[in-house]
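Participant: In this text, residue positions in the sequence shown follow the UniProt record's numbering: the first is 1, and each later residue adds one. From the three backbone atoms N, C-alpha and C, an ideal C-beta is built for every residue, glycine too. Bear in mind that the values here come from a model prediction, so they are computed numbers and not experimental data.
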Amino acid sequence: MTVPASTPRAAPSPLERRSWIARLLAAAAVGIVVGAVIGGPAFAALSAKTTATALIRIVQPSDLIAIASGATHTTPNTQDNLDRYVAGEVAYLSGDAFAQSVGEKTGKSKPAELTVAQNGRSSVVSISTTASSSDVAIRTVQTAIDLYSQQLAARADQQLRSLLPRLSQWEQTSTGDGPRLEQIQRLRESIVLLADQSSVVPIVQPPTADTNSQHPGLLGAVLGAFLGGSALPLAVMARRRRSGRLWSVTDLTGAVDNVLVPVVDLRERPARPSVHEQRARLARTLYAQCSSAEPTPTILVIGASPTSGAATVSSLLEAAAAETGSVRVVTLTPQQVTIPDLAETSRQTLIIDAGVVGSSPLIPDAVGRATTIVLVARLEADTMAQVLTVCAATESGNAPRLAAVTYQPWWPSWFAKRAKPAGRRRAGRAGTNVAQDSADGHEHA
Numbered sequence: 001m002t003v004p005a006s007t008p009r010a011a012p013s014p015l016e017r018r019s020w021i022a023r024l025l026a027a028a029a030v031g032i033v034v035g036a037v038i039g040g041p042a043f044a045a046l047s048a049k050t051t052a053t054a055l056i057r058i059v060q061p062s063d064l065i066a067i068a069s070g071a072t073h074t075t076p077n078t079q080d081n082l083d084r085y086v087a088g089e090v091a092y093l094s095g096d097a098f099a100q101s102v103g104e105k106t107g108k109s110k111p112a113e114l115t116v117a118q119n120g121r122s123s124v125v126s127i128s129t130t131a132s133s134s135d136v137a138i139r140t141v142q143t144a145i146d147l148y149s150q151q152l153a154a155r156a157d158q159q160l161r162s163l164l165p166r167l168s169q170w171e172q173t174s175t176g177d178g179p180r181l182e183q184i185q186r187l188r189e190s191i192v193l194l195a196d197q198s199s200v201v202p203i204v205q206p207p208t209a210d211t212n213s214q215h216p217g218l219l220g221a222v223l224g225a226f227l228g229g230s231a232l233p234l235a236v237m238a239r240r241r242r243s244g245r246l247w248s249v250t251d252l253t254g255a256v257d258n259v260l261v262p263v264v265d266l267r268e269r270p271a272r273p274s275v276h277e278q279r280a281r282l283a284r285t286l287y288a289q290c291s292s293a294e295p296t297p298t299i300l301v302i303g304a305s306p307t308s309g310a311a312t313v314s315s316l317l318e319a320a321a322a323e324t325g326s327v328r329v330v331t332l333t334p335q336q337v338t339i340p341d342l343a344e345t346s347r348q349t350l351i352i353d354a355g356v357v358g359s360s361p362l363i364p365d366a367v368g369r370a371t372t373i374v375l376v377a378r379l380e381a382d383t384m385a386q387v388l389t390v391c392a393a394t395e396s397g398n399a400p401r402l403a404a405v406t407y408q409p410w411w412p413s414w415f416a417k418r419a420k421p422a423g424r425r426r427a428g429r430a431g432t433n434v435a436q437d438s439a440d441g442h443e444h445a
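Structure below.
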């Protein structure tokens, strides 16, 4: 029933596996919930802004003054001239002055955030902006188009203001020349028509809001749940490696002579006959591993920390020792000055509950008198540094040093209960189940 230090177990016990799996599953569940709660609103907030985009075609207007002078076309019809004109218009639309004008038109005190880009070398230009809602974004882009159309109209009006008076003078001087007067009137009509066309902005695509994911919050929740469910278990594993705590019974095999099995469950159990029977089996199993051939067995129980459960182990050993003979339990206190002596012929078992190292000045005396030293360490609570401290404090004794491992699961006892035949109960359970034939052997003893 003991685990020799020279042959440590290669695989963890069922309790350790269940505990570790439960811890990882709990961490994953918490990570999934937290990730979903954070990811959903975060993605919804990021997707709250909407981008609206419009495509317009920039057309180089005719030079009205040149047409009035009799030119058939104003500039050479080359791609380079068109590229230069489009580049100039893109620079104007991207400028701070135009953005400030759009901002004022939309009732804002700061310039509008516009993105103007030319589609390759074509005359198609995109105008886009991002706003808190699709309506605001569409209205801003439409305002930019309207303002650009007004700017084009203002340029044409500026040319008309210099041309129309001159045309009027020509008409006055050509009053007697009917064909000449008719030609001037047709020229006036043509110039006015071209001026009106210059203010029209061809719209390839009206302002349209981008269609983002219809459920950005759901997408964020799923992604956040995935990241949280993956990251938190990894963080738990990293913390386990760095904490220095006891995570397995095999961690103790190099520090003590033997490790008592099974692990002792520190949870409070309901007062039922079945629970009492299980506790009695556990007590007998632990006590059988602490037996000594000395006429007055003295078992020293000392914990690695105040929460190790040394008092629980002492109580179990006391209950089992009382079934085979007389037993006396001594709990060391700071005020105690002596340890009672037992007659060698009494066959009385003395159990000394020493608490923790440093809790009593009589611990060195108890170590010297003990025939068995039981070091109590709690999984996932005590550290190897605390265990080594107890080992150093009991090094002066000649008694075998055993380790009783305790554990207090975070889940309630009724959650882990499983109905199995008594003959199939295994000693690896949380300190309560041992083989039925072994328990019967202790009862007959």
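What does the alpha-carbon distance come out to for the pair W247 and A36?
Facilitator: Cα to Cα, the separation comes out at about 30 Å.
Participant: Can you tell me whether DSSP reads G423 as helix, strand or coil?
Facilitator: Legend: pLDDT at G423 = 39, less than 50; position of this residue unreliable, no value from coordinates given.
Participant: Would you be able to state if there are at least three C-beta pairs under 8 Å between the stretch 15 to 32 and the stretch 94 to 107?
Facilitator: Contact fails: fewer than three Cβ-Cβ distances are below 8 Å.
Participant: Is it right to say S132 is buried, meaning 16 or more other beta carbons lie within 10 angstroms of its own, or is it exposed?
Facilitator: Exposed: under 16 other Cβ atoms inside 10 Å.
Participant: Using a Cβ-Cβ cutoff of less than 8 Å, which residues in the same chain neighbour V357 once the five nearest sequence positions on both sides are dropped?
Facilitator: Within the same chain, V357 has close Cβ partners I302, I363, T389, V390, A393.
Participant: Relative to the C-alpha of R23, which residue among G397, G229, L252 is closest?
Facilitator: That would be G229, whose Cα lies nearest to the Cα of R23.
Participant: Go through its chain and collect everything with a Cβ distance to V256's Cβ below 8 Å, but skip five positions before and after it.
Facilitator: If we look at V256 and ignore the five residues flanking it on each side, its Cβ neighbours are A5, L375, C391, R401, L402, A403.
Participant: What's the gap between the Cα of A44 and the Cα of I32?
Facilitator: Cα-Cα distance, rounded: 18 Å.
Participant: Report the three-state DSSP secondary structure of A357 (helix, strand or coil).
Facilitator: Inspection of the sequence shows that residue 357 is occupied by Val rather than by Ala. The answer is coil: DSSP assigns V357 none of H, G, I, E or B.
Participant: R57 to V125, Cα distance in whole Å?
Facilitator: Their Cα atoms are separated by approximately 6 Å.
Participant: Could you name the residues that DSSP lists as bridge partners for D265?
Facilitator: DSSP lists Y407 as partners of D265.
Participant: Going by the CB atoms, is the gap between G397 and A370 shorter than 8 Å?
Facilitator: Their beta carbons are under 8 Å apart, which means A370 touches G397 by this criterion.
Participant: Would you mind stating whether G325 and T349 have Cβ atoms separated by less than 8 Å?
Facilitator: It is a contact, given that the beta carbons lie within the stated cut-off.
Participant: Can you say whether A385 is buried or exposed, counting buried as having 16 or more other CB atoms within 10 angstroms of its CB?
Facilitator: By the neighbour-count rule (16 or more Cβ atoms within 10 Å), A385 is not buried but exposed.
Participant: Taking just the CA atoms, how far does G244 sit from L232?
Facilitator: So the two alpha carbons sit approximately 19 Å from each other.
Participant: Considering Cα atoms alone, identify which of G254, D80, R242, R347 is closest to A293.
Facilitator: Of the candidates G254, D80, R242, R347, the one whose C-alpha sits nearest the C-alpha of A293 is R347.
Participant: In terms of residue numbering, what span does the alpha helix (DSSP H) encompassing R369 cover?
Facilitator: First-last of the alpha helix (DSSP H) with R369: 363 to 369.
Participant: Nearest by alpha-carbon distance to V367: which of R378, I352, A381 is it?
Facilitator: With distances taken between Cα atoms, V367 lies closest to I352.
Participant: Please determine, among I373, T140, G88, the residue with the shortest C-alpha to C-alpha distance to A117.
Facilitator: A117 has its Cα closest to that of G88, out of I373, T140, G88.
Participant: Going by DSSP, what residue range makes up the beta strand (DSSP E) through R121?
Facilitator: R121 -> no beta strand (DSSP E), and no H or E assigned at all.
Participant: Taking the beta strand (DSSP E) that P273 belongs to, which residues open and close that run?
Facilitator: Counting along the chain, P273 falls outside any beta strand (DSSP E), though it belongs to the alpha helix (DSSP H) covering 273 to 288.
Participant: Could you tell me the distance, in whole angstroms, from the CA atom of G39 to the CA atom of A221?
Facilitator: For G39 and A221, the distance between alpha carbons rounds to 5 Å.
Participant: Between which residues of its own chain and S109 is the CB-CB distance below 8 Å, once the five residues before and five after are set aside?
Facilitator: Counting only Cβ-Cβ distances below 8 Å, and skipping sequence neighbours, we find G103.
Participant: Out of A320, P111, P361, which has the shortest C-alpha to C-alpha gap to Q335?
Facilitator: Minimum Cα distance to Q335 is reached at P361.
Participant: Under 8 Å between the Cβ atoms of A283 and L316?
Facilitator: Against a cut-off of 8 Å, the Cβ pair of L316 and A283 comes out as a contact.
Participant: For chain D, is any of its Cβ atoms less than 8 Å away from the one on L25?
Facilitator: Among the chains of the structure shown, chain D does not appear; only one protein chain is present.
Participant: Taking the DSSP output, what are the residues bridged to V301?
Facilitator: In the DSSP output, where bridge partners are listed per residue, V301 has D353, V374.
Participant: Does L252 pass the burial test, meaning 16 or more other C-beta atoms within 10 Å, or should it be called exposed?
Facilitator: L252 should be labelled buried.
Participant: So who's on the other strand from L55, going by DSSP bridges?
Facilitator: In DSSP, L55 forms a bridge with S126, Q205.
Participant: What residue from A311, A322, A320 has the CA that sits closest to T331's CA?
Facilitator: The option with the nearest alpha carbon to T331 is A311.
Participant: Apply the 10 Å Cβ neighbour rule to P306 and answer buried if 16 or more other Cβ atoms are within range, or exposed otherwise.
Facilitator: Flag for P306 reads exposed.
Participant: Alpha carbon to alpha carbon, what distance is there between R241 and C290?
Facilitator: C290 and R241: Cα-Cα distance of roughly 32 Å.
Participant: How is the alpha helix (DSSP H) around R84 delimited, first residue to last?
Facilitator: Taken as a continuous stretch (DSSP letters only), the alpha helix (DSSP H) holding R84 covers 79 to 93.
Participant: Quick check on DSSP: helix, strand or coil for V200?
Facilitator: Three-state DSSP puts V200 in coil, outside helix and strand.
Participant: Please report the Cβ distance between S149 and V200, rounded to the nearest whole angstrom; I am assuming they are in contact, meaning their Cβ atoms lie under 8 Å.
Facilitator: Right, the Cβ-Cβ distance comes to about 7 Å (below 8 Å), so this counts as a contact.
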